[in-house]
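So the numbering used here is basically just the index in the sequence shown, starting at one, shifted up by 71. The beta carbon of each residue, even a glycine, is placed where N, CA and C say it ideally should be. Here the structure is a predicted model, which is why all the values come from computation and not from measurement.
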Amino acid sequence: MKTYTVLFHDGFPGGGTLPEPPGTDNQTDSLAGARDMFRTWLRESGNDYQRGNGYGAPCAYVYLTSDYDGIAYGDYPTAAFEYGPRGGIVRVSL
Numbered sequence: 072m073k074t075y076t077v078l079f080h081d082g083f084p085g086g087g088t089l090p091e092p093p094g095t096d097n098q099t100d101s102l103a104g105a106r107d108m109f110r111t112w113l114r115e116s117g118n119d120y121q122r123g124n125g126y127g128a129p130c131a132y133v134y135l136t137s138d139y140d141g142i143a144y145g146d147y148p149t150a151a152f153e154y155g156p157r158g159g160i161v162r163v164s165l
């Protein structure tokens with residue numbers, strides 16, 4: 072069975088830290104579960120609002136947990152979700 076690790080980003084510039092390692096609070100066994108985790112994170116973190124033009128949308132990158140090597144998850148996520156223009160969760164083409 073595959074497990075996925077979900078990494079959340081608020082859409083604002085900045086960062087540069089190492090990605091969060093897999094843990095019980097950011098792992099799921101399905102892409103639908105990853106989408107649900109992102110929806111919960113949006114609400115609980117206060118990032119569930121529309122941004123003005125020129126500002127990035129909050130997003131979640133989904134990686135296979137097995138890709139984590141202790142430093143990073145690899146080059147490309149398995150899936151990505153974004154907070155859409157009308158407040159819905161949309162899957163982003165990679």
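Beta carbon of Ala150 nearer than 9 Å to that of Val133 = As a first step, residue 150 is located in the sequence shown; it is residue number 79 there, counting from the start. As a first step, residue 133 is located in the sequence shown; it is residue number 62 there, counting from the start. It is a contact, given that the beta carbons lie within the stated cut-off.
ask   = Under three-state DSSP, which class holds Glu153?
value = Looking up residue 153 in the sequence shown gives position 82. Here Glu153 sits in strand by DSSP.
request  = Would you mind working out which of Glu153, Phe83, Met72 sits nearest Gly125, comparing C-alpha positions?
outcome  = As a working note, residue 125 is residue 54 in the sequence shown. Nearest C-alpha to Gly125: Phe83.
task = Assign Arg106 to buried or exposed, taking buried as 16 or more other Cβ atoms, counted over all protein chains shown, within 10 Å of its Cβ.
result = Taking the sequence shown and counting its residues from 1, one reaches residue 106 at position 35. It counts as buried.
The alpha helix (DSSP H) enclosing Thr111, as first and last residue numbers = The count along the sequence shown starts at 1 and reaches residue 111 at position 40. First-last of the alpha helix (DSSP H) with Thr111: 102 to 116.
Three-state secondary structure assigned by DSSP to Thr169 = Coverage of the chain is limited to positions 72 through 165, which leaves residue 169 absent and any answer about it impossible.
ask   = Do you know how far the Cα of Asp146 is from the Cα of Gln121?
value = Walking along the sequence shown from the start, residue 121 turns up at place 50. Walking along the sequence shown from the start, residue 146 turns up at place 75. Straight-line Cα distance between these residues: approximately 29 Å.
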